[in-house]
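Novice: Position one of the sequence shown corresponds to residue 0 (numbering that gives the first Met the number 0), numbered consecutively onward.
The beta carbon of each residue, even a glycine, is placed where N, CA and C say it ideally should be.
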Amino acid sequence: MSVAGLRRAARESVSGLPRQFWWLWTSTLVNRLGAFVATFMALYLTLDRGYSASYAGLVVALHGLGGVVSSLGAGVMTDRLGRRPTMLIAQTSTAVSVAVLGFMVQPVAIATVAFFVGMASNASRPAVQAMMADIVRPEDRVRAFSLNYWAINLGFAVSSAGAGFVAEYSYLAGFLGEAAMTLVCAVVVFMKVPESRPDKPVVSGRAVDDGTDEVRLSTVLRDGRFMSVVGLSFVIALIFQQGYVGLPVAMGADGFSSSDFGTAVAVNGVLIVVLQIPVTRFIQHRDPRRLLIVSSLLAGYGFGLTAFAGSVAVYALTICVWTVAEIVNAPIQSSLVVRLSPARGRGRYQGMYTMSWSAAALIAPLMSGLVIDRFGAQWLWSACAVLGTGAALGYWLLMRNLPGADVAAPEGGSRVAESGAAVDSEAGADADAAADAAGTGPAVERAG
Numbered sequence: 000m001s002v003a004g005l006r007r008a009a010r011e012s013v014s015g016l017p018r019q020f021w022w023l024w025t026s027t028l029v030n031r032l033g034a035f036v037a038t039f040m041a042l043y044l045t046l047d048r049g050y051s052a053s054y055a056g057l058v059v060a061l062h063g064l065g066g067v068v069s070s071l072g073a074g075v076m077t078d079r080l081g082r083r084p085t086m087l088i089a090q091t092s093t094a095v096s097v098a099v100l101g102f103m104v105q106p107v108a109i110a111t112v113a114f115f116v117g118m119a120s121n122a123s124r125p126a127v128q129a130m131m132a133d134i135v136r137p138e139d140r141v142r143a144f145s146l147n148y149w150a151i152n153l154g155f156a157v158s159s160a161g162a163g164f165v166a167e168y169s170y171l172a173g174f175l176g177e178a179a180m181t182l183v184c185a186v187v188v189f190m191k192v193p194e195s196r197p198d199k200p201v202v203s204g205r206a207v208d209d210g211t212d213e214v215r216l217s218t219v220l221r222d223g224r225f226m227s228v229v230g231l232s233f234v235i236a237l238i239f240q241q242g243y244v245g246l247p248v249a250m251g252a253d254g255f256s257s258s259d260f261g262t263a264v265a266v267n268g269v270l271i272v273v274l275q276i277p278v279t280r281f282i283q284h285r286d287p288r289r290l291l292i293v294s295s296l297l298a299g300y301g302f303g304l305t306a307f308a309g310s311v312a313v314y315a316l317t318i319c320v321w322t323v324a325e326i327v328n329a330p331i332q333s334s335l336v337v338r339l340s341p342a343r344g345r346g347r348y349q350g351m352y353t354m355s356w357s358a359a360a361l362i363a364p365l366m367s368g369l370v371i372d373r374f375g376a377q378w379l380w381s382a383c384a385v386l387g388t389g390a391a392l393g394y395w396l397l398m399r400n401l402p403g404a405d406v407a408a409p410e411g412g413s414r415v416a417e418s419g420a421a422v423d424s425e426a427g428a429d430a431d432a433a434a435d436a437a438g439t440g441p442a443v444e445r446a447g
């Protein structure tokens with residue numbers, strides 16, 4: 000491709016998305032650039048504080064449990080208080096709790112504060128996802144979620160390297176650095192990101208009751224199609240988590256060093272940064288049913304191939320396979336969740352979806368440790384292949400009776416979600432036009 004072609008492709012990838020999204024995207028990037036606790040918690044407790052590996056595992060599990068607990072509560076806050084207040088509360092709480100954690104020395108105090116850090120740091124996710132759904136047109140959501148996922152991984156890749164050097168100097172500096180960066184995120188949201196929660200749909204200048212006022216957690220739980228997606232999301236997340244909990248243990252048991260693992264898993268971050276945007280351009284207008292099925296199979300069998308790895312190069316090759324699955328699955332599934340969510344219940348729906356990933360992060364270490372210790376790593380990779388096949392079959396059964404154009408707008412509550420999205424889109428277009436006339440609205444930028 001020529002230089003002009005590359006420029007055109009890059010312009011098309013980021014054009015048409017609202018300015019508000021880009022400030023939200025910036026907040027996400029800054030937040031991930033400051034990531035420290037989740038990456039270095041175990042090393043901090045074992046190397047710097049001298050605690051046992053089992054205690055470190057307990058603290059990391061409590062951190063994950065905090066995320067599970069906060070998911071649903073943050074979803075309710077997102078719908079009741081609004082997206083912006085929820086993000087500000089979550090980010091401010093995260094900054095304070097992370098800073099406090101750096102000064103804790105007693106085991107019980109460390110474990111308790113780590114639990115609250117997990118709660119606070121996870122609480123902003125439903126609000127961020129709901130706001131992106133509010134401000135981005137339905138046809139742009141896959142691209143928008145892809146760009147946001149790209150920012151997460153770009154920030155994580157940079158922060159992992161930088162935080163490693165900071166940790167060699169001072170772990171406390173790492174904690175305080177993450178607290179400072181999280182406060183920067185809160186400032187960005189406070190200064191640049193207006194509230195996007197829909198109050199009452201307006202069509203032709205008249206308020207419309209679309210039947211979504213009474214969206215409760217019980218409503219989410221009764222939405223069988225959506226809860227099936229949540230269950231499949233949990234299975235997929237359980238597979239992907241093995242790249243960070245099962246893979247290092249298995250490589251260590253095979254005699255590979257931590258630097259070998261670092262070299263192999265770095266392929267994941269590099270590929271996401273390099274391929275996320277071009278792959279999204281390729282899949283954006285393709286049938287999401289097939290993409291979800293294919294990505295599930297690639298994830299399962301990508302990890303399944305790890306059973307045959309005997310060198311760093313082969314491990315890296317298997318990582319390439321499941322990384323492609325990750326690149327395809329993340330934006331498609333996020334867009335599907337939005338389409339299944341009523342406009343004024345997006346916080347609760349996103350909270351339930353976020354909980355599936357938090358629960359997977361909590362259970363995956365227990366799963367990998369139990370299987371590897373009792374049966375061996377080969378059984379773990381075989382289990383991943385089985386789970387991937389099961390997820391692919393689940394997606395096929397879930398959406399087989401839906402026409403391609405309506406795959407994201409199924410029956411029942413999902414039809415309400417789609418009609419709400421359509422009203423939101425119309426109302427959003429009117430709001431954008433008014434804001435542009437005032438000189439404050441989005442120009443031609445829009446992403447999510």
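Tell me the DSSP secondary structure of Ser14 in three-state form.
Specialist: Counting from one through the sequence shown, the residue named residue 14 turns up at place 15. It is a strand residue.
Novice: Within a Cβ cutoff of 7 Å, which residues of the same chain sit near Val141, ignoring the five residues on either side of it in sequence?
Specialist: As a first step, residue 141 must be located in the sequence shown, where it is residue number 142. Excluding residues within five positions, the ones whose Cβ falls inside 7 Å are Thr279, Gln283, Pro330, Ile331 and Ser334.
Novice: What ranges does the alpha helix (DSSP H) occupy inside the segment 225–286, keeping only unbroken runs of at least 4 residues that lie completely in it?
Specialist: Within the segment 225–286, the complete alpha helix (DSSP H) runs of at least 4 residues are 245–252 and 257–282.
Novice: Under the rule that 16 or more other beta-carbon atoms within 10 Å means buried, what is Trp378, buried or exposed?
Specialist: Within the sequence shown, the letter at position 379 stands for residue 378. Classification for Trp378: exposed.
Novice: From Val95 to Leu397, what does the alpha carbon distance come to, in whole angstroms?
Specialist: The count along the sequence shown starts at 1 and reaches residue 95 at position 96. The count along the sequence shown starts at 1 and reaches residue 397 at position 398. So the alpha carbons of these two residues sit roughly 43 Å apart.
Novice: Indicate the three-state DSSP secondary structure (helix, strand or coil) for Tyr43 in the structure shown.
Specialist: For the purposes of this step, residue 43 is identified with residue 44 of the sequence shown, where counting begins at 1. It is helical.
Novice: So, helix, strand or coil for Leu80, using DSSP?
Specialist: Within the sequence shown, the letter at position 81 stands for residue 80. The answer is coil: DSSP assigns Leu80 none of H, G, I, E or B.
Novice: In angstroms, rounded to a whole number, what distance separates the CA positions of Arg18 and Gly49?
Specialist: As a first step, residue 18 is located in the sequence shown; it is residue number 19 there, counting from the start. As a first step, residue 49 is located in the sequence shown; it is residue number 50 there, counting from the start. Their Cα atoms are separated by approximately 47 Å.
Novice: Go ahead and pull the three-state DSSP assignment for Val192.
Specialist: Here residue 192 is taken as the residue at index 193 of the sequence shown, counted from 1. Looking at Val192 - three-state DSSP - the assignment turns out to be coil, as it is neither helix nor strand.
Novice: Would you check if there are 3 or more beta carbon pairs closer than 8 Å linking the segment 133–147 to the segment 311–330?
Specialist: The answer is yes - the segment 311–330 touches the segment 133–147, with three or more Cβ pairs under 8 Å.
Novice: Give me the Cα-Cα distance between Ile292 and Gly33, rounded to the nearest whole angstrom.
Specialist: The residue given as residue 292 occupies position 293 in the sequence shown. The residue given as residue 33 occupies position 34 in the sequence shown. About 34 Å.
Novice: Is Leu396 helix, strand or coil by DSSP?
Specialist: The sequence position of residue 396 within the sequence shown is 397, counting from 1. Note: Leu396 maps to helix in three-state DSSP.
Novice: When DSSP labels each residue in this structure, what does Leu339 get in the three-state scheme?
Specialist: Here the question's residue 339 lines up with position 340 in the sequence shown. Of the three classes helix, strand and coil, the one that applies to Leu339 here is coil, per DSSP.
Novice: Taking the alpha carbon of Phe239 as the reference point, which residue from Ala126, Leu80 and Ile318 has its own alpha carbon closest?
Specialist: To locate residue 239, count along the sequence shown from 1; it is residue 240. Among Ala126, Leu80 and Ile318, the Cα nearest to that of Phe239 is on Ile318.
Novice: Beta-carbon separation of Val99 and Val112 under 7 Å?
Specialist: Stepping through the sequence shown from its first residue, residue 99 is reached at position 100. Stepping through the sequence shown from its first residue, residue 112 is reached at position 113. Yes, Cβ-Cβ distance for Val99 and Val112 is below 7 Å.
Novice: Could you please give the first and the last residue of the uninterrupted alpha helix (DSSP H) stretch that includes Gln105?
Specialist: Residue numbering aside, residue 105 sits at position 106 when the sequence shown is read from its first letter. Element bounds for Gln105: n/a, residue is neither H nor E.
Novice: Could you give the distance in angstroms between the alpha-carbon of Leu237 and the alpha-carbon of Phe39?
Specialist: Here residue 237 corresponds to residue number 238 of the sequence shown, with the count starting at 1. Here residue 39 corresponds to residue number 40 of the sequence shown, with the count starting at 1. Spanning the two alpha carbons is a distance of roughly 21 Å.
Novice: When you compare only the Cα positions, how much space is there between Glu167 and Leu290?
Specialist: Numbered from 1 along the sequence shown, position 168 holds the residue referred to as residue 167. Numbered from 1 along the sequence shown, position 291 holds the residue referred to as residue 290. Distance between the alpha carbons of Glu167 and Leu290: 42 Å.
Novice: Between the segment 103–120 and the segment 341–352, do three or more beta carbon pairs fall short of 8 Å?
Specialist: Flag = no, the segment 103–120 and the segment 341–352 do not touch.
Novice: In the DSSP assignment, find the unbroken alpha helix (DSSP H) run with Gly368 in it and report its ends.
Specialist: Walking along the sequence shown from the start, residue 368 turns up at place 369. Taken as a continuous stretch (DSSP letters only), the alpha helix (DSSP H) holding Gly368 covers Arg345 to Arg373.
Novice: Look at the alpha carbon of Ala384 and the alpha carbon of Met131, and state the distance between them as a whole number of angstroms.
Specialist: Taking the first residue of the sequence shown as 1, we reach residue 384 at position 385. Taking the first residue of the sequence shown as 1, we reach residue 131 at position 132. Roughly 33 Å separates the two Cα atoms.
Novice: With a threshold of 8 Å, are at least 3 pairs of Cβ atoms found where one atom belongs to the segment 349–361 and the other to the segment 152–159?
Specialist: Contact fails: fewer than three Cβ-Cβ distances are below 8 Å.
Novice: Would the beta-carbon of Ala359 fall within 7 Å of that of Phe233?
Specialist: Taking the sequence shown and counting its residues from 1, the one referred to as residue 359 is at position 360. Taking the sequence shown and counting its residues from 1, the one referred to as residue 233 is at position 234. Their beta carbons are under 7 Å apart, which means Ala359 touches Phe233 by this criterion.
Novice: Let me know the secondary structure DSSP gives Pro137 once reduced to three states.
Specialist: As a first step, residue 137 must be located in the sequence shown, where it is residue number 138. Residue state, collapsed to three classes: helix.
Novice: Could you check what DSSP says for Ser158 in three-state terms: helix, strand or coil?
Specialist: Residue numbering aside, residue 158 sits at position 159 when the sequence shown is read from its first letter. If DSSP states are grouped into helix, strand and coil, Ser158 belongs with the helices.
Novice: So, at 8 Å on beta carbons, what are the nonlocal neighbours of Phe225 in its own chain, with the 5 sequence-adjacent residues on each side left out?
Specialist: Here residue 225 refers to the residue found at position 226 of the sequence shown. Excluding residues within five positions, the ones whose Cβ falls inside 8 Å are Val219, Val336, Leu339, Ser340, Tyr348, Met351, Gly412 and Ser413.
Novice: Which class does Ala172 belong to by DSSP, given the choice of helix, strand or coil?
Specialist: Residue numbering aside, residue 172 sits at position 173 when the sequence shown is read from its first letter. If DSSP states are grouped into helix, strand and coil, Ala172 belongs with the helices.
Novice: Could you have a look at Pro330 and say whether DSSP puts it in helix, strand or coil?
Specialist: Sequence index remark: in the sequence shown, residue 330 carries index 331 (1-based). Correct three-state label for Pro330: helix.
Novice: Using the three-state DSSP reduction, which class does Ser51 fall into: helix, strand or coil?
Specialist: In the sequence shown, counting from the first residue as 1, residue 51 sits at position 52. If DSSP states are grouped into helix, strand and coil, Ser51 belongs with coil.
Novice: When you compare the CB positions of Gly66 and Gly117, do they come within less than 7 Å of one another, or not?
Specialist: For the purposes of this step, residue 66 is taken as the residue at position 67 of the sequence shown. For the purposes of this step, residue 117 is taken as the residue at position 118 of the sequence shown. Against a cut-off of 7 Å, the Cβ pair of Gly117 and Gly66 comes out as a contact.
Novice: Is Thr77 near Pro137, with beta carbons less than 7 Å apart?
Specialist: Stepping through the sequence shown from its first residue, residue 77 is reached at position 78. Stepping through the sequence shown from its first residue, residue 137 is reached at position 138. The answer is no: Cβ separation not under 7 Å.
Novice: Taking Val97 as the reference, which of Val135, Val36, Ala129 and Leu80 has the closest Cα?
Specialist: In the sequence shown, residue 97 corresponds to position 98, counting from 1. Of Val135, Val36, Ala129 and Leu80, the residue nearest in Cα terms is Val36.
Novice: What's the C-alpha gap between Glu425 and Gly15?
Specialist: Taking the first residue of the sequence shown as position 1, residue 425 is located at position 426. Taking the first residue of the sequence shown as position 1, residue 15 is located at position 16. In this predicted model, Glu425 has a pLDDT of only 38, less than 50, meaning its place in the structure is not dependable enough to derive any value.
Novice: Determine the closest residue to Gln105 out of Ala363, Trp321, Val58 and Val269, with distance taken between C-alpha atoms.
Specialist: In the sequence shown, the residue the question calls residue 105 occupies position 106. For Gln105, the nearest C-alpha among the options comes from Val58.
Novice: Can you give the Cα-Cα distance for Met366 and Lys191, rounded to whole angstroms?
Specialist: Position 367 of the sequence shown holds residue 366. Position 192 of the sequence shown holds residue 191. The alpha-carbon atoms of Met366 and Lys191 are separated by roughly 42 Å.
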